[in-house]
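Everything on this sheet refers to the single structure shown next.
Residue numbers (this note's numbering), protein chains in the order written: chain A, 4 to 254; chain B, 4 to 254.
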């Protein structure tokens, strides 16, 4: 669940400024989310990254998953919908976070006007109370973008599916319908060549002092690089950074 | 476009009574439709079958299709969105109507509480102003069901897609994610054995008088059967009825 913490940092450390244009729109987006639950029997989660709240709307599939949904909507003081996450198989949970990380990196290569024109789609295995497994199509939309480019609102949609043939994750450009397989998204330029070099040394267990000697640079420079690496990979320590870098095929 | 007229009859001849519970909800459904346009860049059409109006919401894909959308929403005095239909290839248009007819027949085998738990999904070819072809995922939801079982509101969603691998039409049960290929839906019991017999005679060009002699029944009985056949197949004349019966593999 380390990637979750990294995503957390990435989301919550954004500068939301004082522009509250989106707060006004929050109610519209809450209605849209409730529409997905009502029309598609989906579970829809609207997360407000500024207020650190999530609004969860339970369509008919929640009962199929054996969720205890006395109310049709629940508000939680977190951007993570733990109740839903508990149903996702641990392996898919790890993958889900990693893919969202890739998606954010992808989105950041676009202009902020285009953020909302892409969504991430993947298929997850969810496990109900009786330990039955269900396939769920999961889509992530960044719907509330602040003028400075901060992502204010994220909409996660869960739909039961029985499509076992196409479980590959992809990013979709919704204006054109074009699909970009997630594995093709190149994260290679996420960190610089020198940072990759240092990541490899860290992965071999070398200390900053040893790295500085190997590269003939000051230990101060090594530590500056390490800080940048953590920032760029949304990692909270070097071990996490190495793991993410490997998962993204950077080293 | 004959099937369209039949669908028209099927939809508009329903008894909507005086219960106006759904009118109150119309605004919610209009908001949901606008949400699809905004979040998924879809074109969303909410048709009010009682008032014979459609509310069309144009997401980003409308521009890709070269539609003239100065406003983001348009209201037309028809349950048919001709502007969108003009973009659909004629062959797919015919198929679309036939599939919707099958879908209605399928829905009618369910309890009215379950109507909204199913949707029809198909892939259509749409042609833009420059004659470029685009694949579009089309979904139909019956969202406003009156207490007497009449379908009051239908939501049609159009999403650009580039999924060329899975273009089969299907009915999805959204609560469970279960998919029922449309060709497997058996329309066989739509008309009775005797009605099929009469349909075959009509198809051979026989007149009511000849049919009555062949079957040793009165011409009055033949005409009663013919009326029932037209009603059941939503056809406005015998030629249409024969065509639909063939398309549904009834004769």
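Yeah, the Cβ is synthetic: ideal placement off N, Cα and C, and Gly gets one too.
- Look at the region 55-70 of chain A: the residues with a C-beta under 7 Å from a C-beta of chain B are 63, 64, 67.
- Using a Cβ-Cβ cut-off of 7 Å, residue 177 (chain B) counts as an interface residue toward chain A, since at least one Cβ of chain A sits closer than that to its own.
- At a C-beta separation below 7 Å, residue 80 (chain B) has no neighbours in chain A, since its nearest C-beta there lies roughly 24 Å away.
- When the five nearest sequence neighbours on each side are left out, the beta carbons in the same chain lying within less than 7 Å of the beta carbon of residue 214 (chain A) are those of 201, 204, 225, in order along the chain.
- Segment contact: the region 62-69 of chain B against the region 32-47 of chain B, three or more CB-CB distances shorter than 8 Å; contact assigned.
- Per the Cβ contact rule, the region 172-186 of chain A is in contact with the region 159-176 of chain B (3 or more Cβ pairs under 8 Å).
- Minimum Cα-Cα distance from residue 196 (chain A) among the listed residues A:153, A:253, A:85 corresponds to A:253.
- Residues of the region 148-166 of chain A that bring their beta carbon within less than 8 Å of a beta carbon in chain B comprise 158, 162, 163, 164, 165, 166, in sequence order.
- Under the 8 Å Cβ criterion, the region 141-152 of chain B counts as touching the region 109-126 of chain B, having at least three qualifying pairs.
- For residue 42 (chain B), the neighbours in chain A by C-beta distance under 7 Å run, in chain order, 35, 144, 146, 158.
- Separation of residue 157 (chain A) and residue 55 (chain A) (C-alpha to C-alpha, rounded to the nearest whole angstrom) is 11 Å.
- Secondary structure at residue 224 (chain B): helix, using DSSP grouped into helix, strand and coil.
- Residue 56 (chain A) sits in a strand when the DSSP states are folded into three classes.
- When the Cα atoms are used, residue 180 (chain A) and residue 183 (chain B) turn out to be separated by approximately 24 Å.
- Fewer than three pairs of CB atoms, one per stretch, sit closer than 8 Å, so the region 72-90 of chain A makes no contact with the region 107-117 of chain A.
- Judged by beta-carbon spacing, residue 235 (chain B) lies beyond the 7 Å limit of residue 100 (chain B), meaning their Cβ atoms are not closer than that value.
- Runs of the alpha helix (DSSP H) spanning 4 or more residues and lying entirely within the region 163-238 of chain A occur at 196-206, 211-218, 222-235, in chain order.
- Residue range 93-111 is occupied by the alpha helix (DSSP H) that includes residue 104 (chain A).
- Take the alpha-carbon of residue 128 (chain A) and the one of residue 185 (chain A): they are about 18 Å apart.
- Take residue 152 (chain A), set aside five residues on each side of it, and the residues of its chain with a beta-carbon closer than 6 Å to its own are 115, in chain order.
- In the three-state DSSP reduction, residue 50 (chain B) falls in the strand class (E or B).
- Per DSSP, residue 140 (chain A) is one residue of the beta strand (DSSP E) stretching across 136-148.
- With a cutoff of 7 Å on beta-carbon distance, residue 9 (chain B) and residue 244 (chain B) are scored as not near each other.
- In this structure, the CA atom of residue 16 (chain B) is about 9 Å from the CA atom of residue 53 (chain B).
- In this chain, the alpha helix (DSSP H) harbouring residue 241 (chain B) covers 241-250.
- A distance below 6 Å between beta-carbons, with the five flanking residues on each side excluded, links residue 251 (chain B) to the following residues of its chain, in chain order: 190.
- Residue 159 (chain B) is bridged by DSSP to B:48, B:143.
- Judged by DSSP secondary structure, residue 254 (chain A) falls outside any beta strand (DSSP E); it is assigned neither H nor E.
- The C-beta of residue 208 (chain A) comes no closer than 7 Å to any C-beta of chain B.
- Secondary structure at residue 123 (chain A): strand, using DSSP grouped into helix, strand and coil.
- Of all alpha-carbon atoms in B:131, B:169, B:232, B:218, the one lying nearest the alpha-carbon of residue 67 (chain B) is that of B:131.
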